[in-house]
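In the UniProt record's numbering, the protein residues as written are 1 to 336.
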């Protein structure tokens, strides 16, 4: 039996350890991928600190990592159209028996030397795109892309607001620029995050504690207010504030995950203005290849998004850095 190293989260104790585990063997319509890069996401942090708990995990431990890029090492039975050595990026999850399962949450992910992937979750990765940038496309980029293009249906020249300029929100700003939203107003309490938002294409960046925030939003939108607001922070205060600057029939899209209750302070006003609150999770199956094509075509560049690359052995260090925001990382990458 061949062994490999993997970063395993033990759910009962919420401890993360680097372990020697059996190297997976691909089954029918599966491939074994040699992991070249795996992203570290805030949801990984929340799995470790207990804020999030896997819904469908069948064991007490799981290899983390839902953002993965690498090369095909081995083909399982009935796999056609793929070859060993081919560069690939993996969808962050798949659908089994009607259930949406997330890689590195509900089944073993890519914080390891090798990872299993069903052929339905594989996408070809052009040679021009570095593994480190490709790895963050599933989730860090595809989730805001789905929120913008599918759930919110943002159209050119629509005024939008983005609350929370972290790993998802920073990419949302960049993607909103691509689809033609205008103006793009970023909101974050951290000065570094606000600077980042402007660098990534926001027209203005505001502090949520600014008592003049509503007035500034109205001035920037010609008194239209926001047609769409995105909550990437998963915070009640964000939702409450966003609703105060939504235009009639405006949409608030909840992307940041939280287990706190969702409340509307003024139900009568909410109904009168015909506001909508939309939940969002993940992305459609065509999101990753769309984004790969946009990167290959020069429309998107995620080189600024990779804040650092660390060895797999430093997985705990990467989690700590993301949790404490040490160095204000957008995305940290593990390289087995």
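Backbone N, C-alpha and C define an ideal beta-carbon position, used for all residues, glycine too.
It should be emphasised that the depicted structure is a prediction, and the values quoted were computed from it without experimental measurement.
{"Item": "Indicate whether the contact test is met: 3 or more Cβ pairs, each with one atom in the region 59–77 and one in the region 34–44, closer than 8 Å.", "Value": "yes"}
{"Item": "Does residue 286 come out as helix, strand or coil in the three-state DSSP assignment?", "Value": "coil"}
{"Item": "For the structure I just gave you, are there three or more beta carbon pairs, one from the region 300–314 and one from the region 122–137, closer than 8 Å?", "Value": "yes"}
{"Item": "Taking the straight line between their C-alpha atoms, what separation do you get for residue 61 and residue 246?", "Value": "43 Å"}
{"Item": "According to DSSP, is residue 266 part of a helix, a strand, or is it coil?", "Value": "coil"}
{"Item": "Should residue 331 go down as buried or exposed, given a rule of 16 or more other Cβ atoms within 10 Å for buried?", "Value": "buried"}
{"Item": "Tell me the DSSP secondary structure of residue 103 in three-state form.", "Value": "strand"}
{"Item": "Which residue comes first and which comes last in the beta strand (DSSP E) that contains residue 47?", "Value": "It is not in any beta strand (DSSP E) - residue 47 instead sits in the alpha helix (DSSP H) that spans 42–49."}
{"Item": "Strictly by DSSP, which residues pair up with residue 22?", "Value": "3"}
{"Item": "Among residues of its own chain, excluding the 5 on either side of residue 213, which ones have a beta-carbon nearer than 6 Å to its beta-carbon?", "Value": "206"}
{"Item": "Relative to the C-alpha of residue 309, which candidate in 333, 95, 32 and 315 has its C-alpha closest?", "Value": "333"}
{"Item": "So, using beta-carbon positions, are residue 154 and residue 186 closer together than 8 Å?", "Value": "no"}
{"Item": "Between residue 307 and the rest of its own chain, which residues show a CB-CB distance below 7 Å, the 5 nearest in sequence each way excluded?", "Value": "327, 329, 330, 331 and 332"}
{"Item": "Any idea what DSSP makes of residue 58, helix, strand or coil?", "Value": "coil"}
{"Item": "Hey, quick one: how far does the beta strand (DSSP E) through residue 307 stretch, first residue to last?", "Value": "306–311"}
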